[in-house]
Amino acid sequence: MTKRILLTMLVGIVGIGLVSSADGTFSGRSWSELVFDPDVGFTDIDLGLEATCAIGYVAFSGDSLVTLRGQWIWQGFAATGEVGAFHAQANVLFSGSSAAYLYGEIILNASIAGVDFAFYSAQLADTVYGGAADGFAIQAAGSVGSFGMVSVTEVGAQIEDDDFTGISIVHTSTGRDRHYMTNPCVVGQGFTGQKFTLSHFDFGCSEEITVTVYFTCDGFDYARVSVEGLTISNLAWLVIDAELKFELEEKSLALTPKLVLGHIACFDLYASLDNEANMMSIDAISIDGIEFACQIGPVSVRNVSLFAPCDLALTTERYGSVVLPIVDILAKGMDYYPDYWEMFSIAYAGAACCEGEYNFLANVYFDEDSTSLFDWAMTHIEATIPYGESLAFTFGMEVAADGLDHLGFGFEAIW
Amino acid sequence: MTQRIRGAVIVLAAIAIAVGVTACMNWFTGVETPTLLLGEVTIIGDRGEILLSAKNMPGGGLASLAVVLGGIAYESDKVSDVSVEGLLGFIVVAQEFDSNDGGFLLAHSCSGLLDGAFAKIVFTATGDPALANFTVTGADISMEDDNGNAIAFDLGTGIEFYAK
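Line by line, the protein sequences give chains A and B.
Read in our numbering, the first sequence has 143 at position 143, and its numbers run on one by one without any break.
Read in our numbering, the second sequence has 85 at position 85, and its numbers run on one by one without any break.
Given below as structure tokens:
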């Protein structure tokens, strides 16, 4: 039944887009990227096409990933529509090689009487290991006075938030993945969870108190009270985050002290406190990393040095080159650089002479085990070079100590 | 206006609680056993790869994996120069590949991995790699989680896509 509903809604949205495009102003964007591996030659080609029609406010797009190993990995379609206070979005993914249906998602948003409602529905086919599954979730968010309230009712699906990570469909042979917001968890329908979050309590001593209560089909699952930024008189450099969690058979209290050293000129410190022996005493302060960043006109310069290789790491460019605890990186399924202890980055973004925008990024990484000059290990370069208003060329390259690792180039056209 | 909003939120909360306590119709059925996924052989030019991925790893995630010597076998006239490379912080502690078979030990240097690709077997294709007949059985593989406990797992082959 759900499959039928999903398919009907998708066809409806796509149909509206196609019908509208027959009369409306047609615009769109297409892009491609050809990837070259020096060891083996050309390896992958990313193709994308997005068409937008002004009439009906419906946009329809599709994108493909084809490897030059002879694999058409997947074909994705997406549609968005907006009518008055309602906003709709649909995504569907098919296997490229077998044309098998893999995943479908529909998200509807509306704001009614000051309450923001969202309906998330998704289906995972049994052609994906971990499927079959389907379900939906309804989210409602509003405020009463200064309090914020969010309710999520899960009927076989979880949505991406602070507790859940959404879903990624991964191609087993290449590791390439697609990420979506709605994670269907069960086969068939039925209530599976209810979460209430109340936020913005302020008792004067803290920045914010958040209360979260979660029920599942088993009944009460947990209640969590989180307090951020507890300050202590005369210790302006120290704040404490506290989390009190009640579960059916246990209660836990986690105190996380944080150093507040402020923004010292262009420098930021990543520091941690050692209080493992006694939660209420601080045995040591560790400087785990230091970051320098400054902006000079259109040029931004950044340098990150990390001294705790098993605690902090830099995510790859795809995940924003941010510094995060390795445990969090792995739990969220992100990719990171485990070997590089330092990164120097320079980026430029500026208007081109004839519309469009230049973008350039160069990240240089250093590895203490490297035998190259200054421990240089790898350089990552990305660039976008506009050619007029509607065409831009893209370029990407990675060079490591043992030679060229990656070379990609493509174009993006807007009409 | 504020009263209307308050009323809407209260009604919504009441409905949600009512659904929660009365409408349980299904239990979660998506619980899955830990699985080691072996990707299909991919070839470009004369270079081949097999990606190894973890799914649903318990106990803080996959921390180490060992394949006994001879645990992975292949046709010597189809492939050569076989080796294994770690990904996402997994390092190769030991590896040995002969003309027909081999084995290796991988470990994460800091933490554990719940889901995702963590290593790849690379080789030079000297014949039709589709006929290389890579074989490995679960009995020759052992895995430990981040707490040092052995992981009971399924071996997944021929799986095109997985969800994480």
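Virtual Cβ for every residue (Gly too), placed ideally from N, Cα, C.
Here the structure is a predicted model, which is why all the values come from computation and not from measurement.
Worksheet item: Which first and last residues belong to the beta strand (DSSP E) in which A:D288 is found?
Response: 284 to 296
Item to complete: Using DSSP bridges, identify the partner residues of A:H179.
Response: A:S168
Discussion item. Run through the DSSP bridge pairs and tell me what A:M343 is partnered with.
Written reply: A:V304, A:Y365
Fill in: A:D162, DSSP secondary structure in three states
coil
Worksheet item: Around the Cβ of A:Q194, are there at least 16 other Cβ atoms within 10 angstroms (buried) or fewer (exposed)?
Response: buried
Discussion item. Since B:L62 and B:G112 should fall inside the 8 Å C-beta cutoff, what is the C-beta to C-beta distance between them, to a whole number of angstroms?
Written reply: 6 Å
Worksheet item: Where does A:I414 fall in DSSP's three states?
Response: DSSP, reduced to helix, strand and coil, places A:I414 within a strand of the structure shown.
Practice prompt. From the DSSP output, read off the bridge partner residues of A:L248.
Written response: When DSSP reads this structure, A:L248 sits in no beta bridge, so it has no partner.
Worksheet item: Where B:K120 and B:V41 are concerned, what is the direct C-alpha to C-alpha distance, given to the nearest angstrom?
Response: 10 Å
Fill in: Short Cβ contact (9 Å threshold) for B:Y74 with B:F104
no
Fill in: Interface flag, A:S173 vs chain B, CB-CB below 9 Å
yes
Discussion item. My output table needs one value for A:A331: the three-state DSSP class, helix, strand or coil.
Written reply: helix
Worksheet item: What residues match up with A:E243 in a beta bridge as DSSP calls it?
Response: A:S226, A:A254
Item to complete: Kindly confirm or deny that the region 358 to 365 of chain A and the region 141 to 157 of chain B touch, where touching means at least three C-beta pairs closer than 8 Å.
Response: no
Worksheet entry | Rounded straight-line distance, which links the Cα of A:A79 to that of A:V19 | Here A:V19 scores only 45 on pLDDT, less than 50, and its place in the model should not be relied on; the value that follows carries that caveat. So the alpha carbons of these two residues sit roughly 13 Å apart.
Practice prompt. Give the secondary structure of A:Y337 by DSSP, where H, G and I count as helix, E and B as strand, and everything else as coil.
Written response: strand
Item to complete: Could you tell me if A:Q295 is buried or exposed, where buried requires 16 or more neighbouring beta carbons within 10 angstroms of its beta carbon?
Response: Classification of A:Q295: exposed, given that the 10 Å Cβ count is below 16.
Worksheet item: Going along the region 146 to 168 of chain A in order, which residues come within less than 9 Å of chain B, judged by CB to CB distance?
Response: M149, S151, V152, T153, V155, G156, T165, I167, S168
Worksheet item: Three or more beta-carbon pairs under 8 Å between the region 393 to 400 of chain A and the region 362 to 382 of chain A, yes or no?
Response: yes
Worksheet item: Where does A:G145 land, buried or exposed, given buried means 16+ other C-beta within 10 angstroms?
Response: Classification for A:G145: exposed.
Item to complete: Return the residues of the region 125 to 159 of chain B that lie within a Cβ-Cβ distance of less than 7 Å from chain A, sorted by chain order.
Response: Listed in sequence order: G156, I159.
Fill in: Local conformation of B:A139 per DSSP, three classes
helix
Worksheet entry | Residue range of the beta strand (DSSP E) that includes A:I138 | 133 to 144
Discussion item. Looking only at its chain, what residues have a beta carbon closer than 6 Å to the beta carbon of A:R302, apart from the 5 residues adjacent to it on each side?
Written reply: A293, S345
Discussion item. Quick check on A:G333 - is its C-beta less than 9 Å from some C-beta in chain B?
Written reply: yes
Discussion item. Output needed for A:S252: all residues of its chain with C-beta closer than 7 Å, excluding positions within five of it in sequence on either side, in chain order.
Written reply: K245
Worksheet item: Helix or strand or just coil, what does DSSP make of B:L183?
Response: Nothing in the structure corresponds to residue 183 of chain B, since chain B is present only between 1 and 164.
Discussion item. Distance cutoff 9 Å, beta carbons only. Does B:V41 sit that close to anything in chain A?
Written reply: yes
Worksheet item: Taking Cβ-Cβ distances shorter than 8 Å, what residues in chain B pair up with A:T127?
Response: E160, F161
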